[in-house]
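J.:
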Amino acid sequence: MVLQDLGNPFQEESHDLYSIDTRDIANPSSAELLQSHLKKGQTKFQEFVQGLQNHPTTFYEPIKKNRVDFFSQDSATAEPSKQKLVKENCQLFSKLFISCQSRECDLQEFFQHENQPFPAALSDGGKLYACQKSQLASILESYITSPDQEPDTDVIIIDGSALVHTLPPKRSKTFEDYAALDVLPTIHAYAMKYKSTHVVFDVYNPSSLKMETRSKRGQGGRRKVTNKNKVPSNWRNFLRHNDNKTDLFHFLADKIAHMTVPNMVVVTKGPDVLSTSETSLDSLDKCFHEEADTRIFVHARHATEEGSKTIMIKANDTDILVIALSIFPSLQDLGLQKLWVAFGHGQSLRWIGVHDLYCYIGPEKTKGILFFHAFTGCDTVSAFRNKGKKTAWQTWDICSEASPIFTKLSQYPPILNDGDLEILEKFVVLMYDRSSTAVSVDEARLDMFARKQRPYEAIPPTRAALLQHTKHAAYQAGCIWGQSTQRQPESESPGDWGWKKRQGGVGFDWLVGQSHSVPFTDSLIELSSGFAMDVSFGRSWPPAHSPEACSTLKTGARQKERAHSDTESVGITVALEVLQWAQLEGSKNPHDFYGLLEGVQDEVGVFPFEGVTDRCGSSVNWNARRAACC
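With our numbering, letter number 309 in the sequence shown gets 624, and the count goes up by one each step, no holes.
#1: Quick one: Cα of Leu596 to Cα of Cys602, how far?
#2: Where does Tyr657 fall in DSSP's three states?
#3: Among the residues of its own chain, which have a CB less than 8 Å from the CB of Met763, if the five just before and after it don't count?
#4: For the putative contact between Thr626 and Asp469, defined by C-beta atoms under 8 Å, what is the C-beta separation to the nearest angstrom?
#5: May I have the straight-line CA-CA distance separating Thr836 from Glu424, to the nearest angstrom?
#6: Nearest by alpha-carbon distance to Glu687: which of Gly668, His513, Asp634 is it?
#7: Just to confirm, are Val515 and Ala607 a CB contact at a threshold of 7 Å?
#8: Looking only at its own chain, which residues have a Cβ that is under 7 Å from the Cβ of Pro484, when we skip the five neighbours before and after it?
#9: Using only alpha-carbon positions, find the residue among Cys446, Pro434, Leu736, Lys510 that is nearest to Ala789.
#10: Tell me whether Gly703 sits in a helix, a strand or coil according to DSSP, three-state version.
#11: In chain order, what residues of the same chain lie with their CB nearer than 6 Å to the CB of Ala393, ignoring the 5 residues before and after it?
#12: Give me the Cβ distance between Thr710 and Leu745, rounded to the nearest whole Å; I'm assuming they're in contact under 8 Å.
#13: Cβ of Phe426 within 7 Å of Cβ of Arg700?
#14: According to DSSP, simplified to helix, strand and coil, what is Arg802?
#15: Look up Asn680 in the DSSP assignment and say whether it is helix, strand or coil.
#16: Quick one: residues in its chain with C-beta nearer than 6 Å to the C-beta of Pro804, no 5 flanking neighbours on either side, listed in chain order?
#17: If we count the other Cβ atoms within 10 Å of its Cβ and call it buried at 16 or more, is Ile628 buried or exposed?
#18: Is the beta carbon of Ala792 closer than 7 Å to that of Ala630?
#19: Is the stretch 451-471 touching the stretch 670-689 in the sense that three or more CB pairs, one from each, lie closer than 8 Å?
#20: Rounded to whole angstroms, what is the Cα-Cα separation between Thr489 and Thr541?
#21: Under a CB-based cut-off of 7 Å, is Pro804 close to chain C?
#22: Quick check on the DSSP output: what are the complete beta strand (DSSP E) runs of length 3 or more inside the stretch 494-545, in order along the chain?
#23: Using DSSP's beta-bridge definition, name the partner residues of Ala630.
#24: Glu605 and Asn520 - do their beta-carbons sit closer together than 7 Å?
#25: List the residues that DSSP assigns as beta-bridge partners of Arg778.
#26: Could you work out which residue in Met574, Leu731, Glu758 is closest to Gln783 when comparing CA atoms only?
#27: Please report how far the alpha carbon of Ala435 lies from the alpha carbon of Ser718, in whole angstroms.
#28: Mind checking whether Thr695 and Leu524 have CB atoms under 7 Å apart?
#29: Could you please give me the residues that DSSP links to Ser590 through a beta bridge?
#30: Which first and last residues belong to the alpha helix (DSSP H) in which Val743 is found?
#31: Rounded C-beta distance between Gly536 and His556? I'm assuming under 8 Å.
#32: Hey, quick one: how far does the alpha helix (DSSP H) through Trp550 stretch, first residue to last?
#33: Leaving out five residues before and five after Val743 in sequence, what residues of the same chain have Cβ atoms less than 7 Å from its Cβ?
#34: Check Leu443 in the structure and name its three-state DSSP category.
#35: Buried or exposed for Asn559, please, with buried defined as at least 16 other CB atoms from any protein chain shown within 10 angstroms of its CB.
#36: Hey, how far is the Cα of Trp708 from the Cα of Gly441?
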């Protein structure tokens, strides 16, 4: 009975470590610990014996256990208060600004830099700043009236991942039951109604650009997906693990492909495609799209080329609605007459006529909507802080010169020129302030912060940060969404478009150019040189306020930044300490200056100006200088 219910574990070909009854799979790192348990125990014993020989350890002192829970889930780590971090950074920026004014520093130069390693206007504590994508769907829907009843179409294309999320197991005890009782009857109903049914599943790559968005949802426990294995009690938690979804989608694809249905059903399985009918699917097979959001339109193009005049896409994602609008003209050229998106589910289900929407929106915005959507925030590109889709859409209405740029960056390959960035700067400035006459974001930052007294987090990003943001959006819009109908899209390296590899996937490279020297900016170094040179550091130091002095400080500070690029708090801490010294009401005591620098060293382990050379190229001996001056 046990073998019948749970299966024979000795016939298992998998190399995973799993629980026999629940089929929960242990974390790979935990499985490795199992292999090293004997060695760890021997190590503990040797430490105990050495303690008896060399230390006053009693024989009866217990040996501590090596505690390992193989099937536990990683708990979320507590993050520091982001509001507190933003507030502190804003206060620091304000203090720097006041000090720059009092010392007649170059304010234009000062506002060309961020005061932290990531732009406050575009990030959430160094991570992607999310927005409500659904606002754009609401804007688009406002142009048309949806029908009260489901329209008739030839073909339906279903977002398989969304389908599984809306079909949690109710009566099912095993995965075989789940397929037979929940999924297959639903697919069969579609096959009875439509001439062709397509089910498109996501593919999950370890280096996906969406890893950060998915990580915010958490990661559930791992479980094997086989016929006799029990379905988990927490379905949502199960679907948070990418490997679980991959196994489940493959399992369901095989089940769907073996259905007996009156009309053809096509289903994806990884890059491959399966069908209930013997028909040529060369235009669908070996597809390299990761997201169902884009792969759906490979199937839409296939159906159109096969003669379908009306297509229904069942999905609940704003991205799919936006892509559908952008590619409708090309499908229309192939003979498609009507394209519908069944948006939402349950009581909120409505049918959006993309063909009608295209007529109302017009070709200008249709061609540029991909980049607009990415530029103003999506799952892989950060949004502008407190600037939603509605504000951005209204800005587009009054900044029509942005349309050609949006169109160009919505196509593959996207090409970004300096002139394009200037127009995008104007768009961003207007999005933040309709009455602004500034022509650049750096100029607008100074005007909004100094004259209009906007909070630091409510001013635009720097030009350098905006350039990186534009690259992120252009890659998503042009390289990914812009090739939605291509079975095997051209591959572009994310590294060329503002991303960088990191542990566990791909992350943002927030800043380039001058802003990459934050927080040790030229303006901050100029600020520090204004008073640091007033202290008598010895005869070999360059004259106060001289170009040599500024250059010397710049070199040393940047050397320290490069050496400690992973310590993000170093620059901010140094800047704050420097400001505190500057605010000692004109104190010229070298002891004050050195004391604060040592305070920085004690706090972050970095001596800010260590390694600074004098005008002769010799290394500055700070200890000797302090002894001579103090």
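Think of the CB as a built atom: it goes at the ideal place given N, C-alpha and C, for glycine as much as any other residue.
T.: Taking the coordinates as given:
#1: By one-based count along the sequence shown, residue 596 stands at place 281. By one-based count along the sequence shown, residue 602 stands at place 287. Approximately 11 Å between the Cα atoms of the pair.
#2: Numbered from 1 along the sequence shown, position 342 holds the residue referred to as residue 657. Sequence inspection shows Ala at residue 657; the Tyr mentioned does not correspond to that position. The answer is strand: DSSP assigns Ala657 an E or B state.
#3: The residue given as residue 763 occupies position 448 in the sequence shown. Taken in chain order, the residues that qualify are Tyr747, Asp748, Ser751, Arg769, Ala773, Ile774, Pro775.
#4: As a first step, residue 626 is located in the sequence shown; it is residue number 311 there, counting from the start. As a first step, residue 469 is located in the sequence shown; it is residue number 154 there, counting from the start. Note that residue 626 is Ile in the sequence shown here, rather than Thr. The Cβ separation is near 7 Å, so the contact holds.
#5: Here the question's residue 836 lines up with position 521 in the sequence shown. Here the question's residue 424 lines up with position 109 in the sequence shown. Residue placement at Thr836 cannot be trusted, given a pLDDT of 38 that sits under 50; the coordinates are not used to answer.
#6: Position 372 of the sequence shown, counting from 1, holds the residue named residue 687. The question names Glu, but residue 687 is Phe in the sequence shown. Among Gly668, His513, Asp634, the Cα nearest to that of Phe687 is on Asp634.
#7: Walking along the sequence shown from the start, residue 515 turns up at place 200. Walking along the sequence shown from the start, residue 607 turns up at place 292. Yes; because the gap between Cβ atoms is below 7 Å, this pair is in contact.
#8: The sequence position of residue 484 within the sequence shown is 169, counting from 1. Closer than 7 Å at the Cβ level, and outside the excluded window around Pro484, lie Tyr493, Asp497, Val546, Trp550.
#9: If you number the sequence shown from 1, residue 789 lands on position 474. Comparing Cα positions, the closest option is Leu736.
#10: Looking up residue 703 in the sequence shown gives position 388. Looking at Gly703 - three-state DSSP - the assignment turns out to be coil, as it is neither helix nor strand.
#11: Numbered from its first residue, the sequence shown carries residue 393 at position 78. Reliability fails at Ala393, whose pLDDT of 45 lies under 50, so the model's placement of it is uncertain and the value that follows must be treated cautiously. Taken in chain order, the list of residues that qualify is empty.
#12: The count along the sequence shown starts at 1 and reaches residue 710 at position 395. The count along the sequence shown starts at 1 and reaches residue 745 at position 430. The Cβ separation is near 5 Å, so the contact holds.
#13: Counting from one through the sequence shown, the residue named residue 426 turns up at place 111. Counting from one through the sequence shown, the residue named residue 700 turns up at place 385. Not a contact, by the Cβ cut-off of 7 Å.
#14: Within the sequence shown, residue 802 is the residue found at index 487, counting from 1. Reduced to three states, the DSSP call for Arg802 is coil.
#15: For this step, residue 680 is matched to residue 365 along the sequence shown. Here residue 680 turns out to be Lys, not Asn, going by the sequence shown. Here Lys680 sits in helix by DSSP.
#16: Sequence index remark: in the sequence shown, residue 804 carries index 489 (1-based). Gln798, listed in sequence order.
#17: Locating residue 628 in the sequence shown gives position 313, counting from the first residue. Label assigned to Ile628: buried.
#18: By one-based count along the sequence shown, residue 630 stands at place 315. By one-based count along the sequence shown, residue 792 stands at place 477. No. Outside cutoff.
#19: yes
#20: Position 174 of the sequence shown, counted from the start, is the residue given in the question as residue 489. Position 226 of the sequence shown, counted from the start, is the residue given in the question as residue 541. Whole-angstrom Cα-Cα distance: 8 Å.
#21: Any reference to chain C falls outside this structure, which holds one protein chain only.
#22: 511-515
#23: Position 315 of the sequence shown, counted from the first residue, corresponds to residue 630. According to DSSP, Ala630 bridges with Phe658.
#24: Position 205 of the sequence shown, counted from the start, is the residue given in the question as residue 520. Position 290 of the sequence shown, counted from the start, is the residue given in the question as residue 605. Result yes, Cβ atoms of Asn520 and Glu605 sit closer than 7 Å.
#25: One-based indexing of the sequence shown puts residue 778 at position 463. BP columns for Arg778 are empty, so no partner.
#26: Here residue 783 corresponds to residue number 468 of the sequence shown, with the count starting at 1. Per the Cα distances, Leu731.
#27: Within the sequence shown, the letter at position 120 stands for residue 435. Within the sequence shown, the letter at position 403 stands for residue 718. Distance between the alpha carbons of Ala435 and Ser718 is about 27 Å.
#28: Walking along the sequence shown from the start, residue 695 turns up at place 380. Walking along the sequence shown from the start, residue 524 turns up at place 209. In this structure, Leu524 lies closer than 7 Å to Thr695 by Cβ.
#29: Within the sequence shown, numbered from 1, the residue matching residue 590 stands at position 275. In DSSP, Ser590 forms a bridge with Val581.
#30: As a position in the sequence shown, residue 743 is number 428, starting the count at 1. Here the alpha helix (DSSP H) through Val743 covers 733-747.
#31: Within the sequence shown, the letter at position 221 stands for residue 536. Within the sequence shown, the letter at position 241 stands for residue 556. Indeed they touch by this definition, with Cβ atoms about 7 Å apart.
#32: Position 235 of the sequence shown holds residue 550. Trp550 -> alpha helix (DSSP H) spans 550-553.
#33: For the purposes of this step, residue 743 is taken as residue 428 along the sequence shown, with counting starting at 1. Hits under 7 Å: Val756, Pro775, Leu781.
#34: Stepping through the sequence shown from its first residue, residue 443 is reached at position 128. It is a strand residue.
#35: For the purposes of this step, residue 559 is taken as the residue at position 244 of the sequence shown. Buried: at least 16 other Cβ atoms inside 10 Å.
#36: Translated into positions along the sequence shown, residue 708 becomes position 393. Translated into positions along the sequence shown, residue 441 becomes position 126. Roughly 26 Å separates the two Cα atoms.
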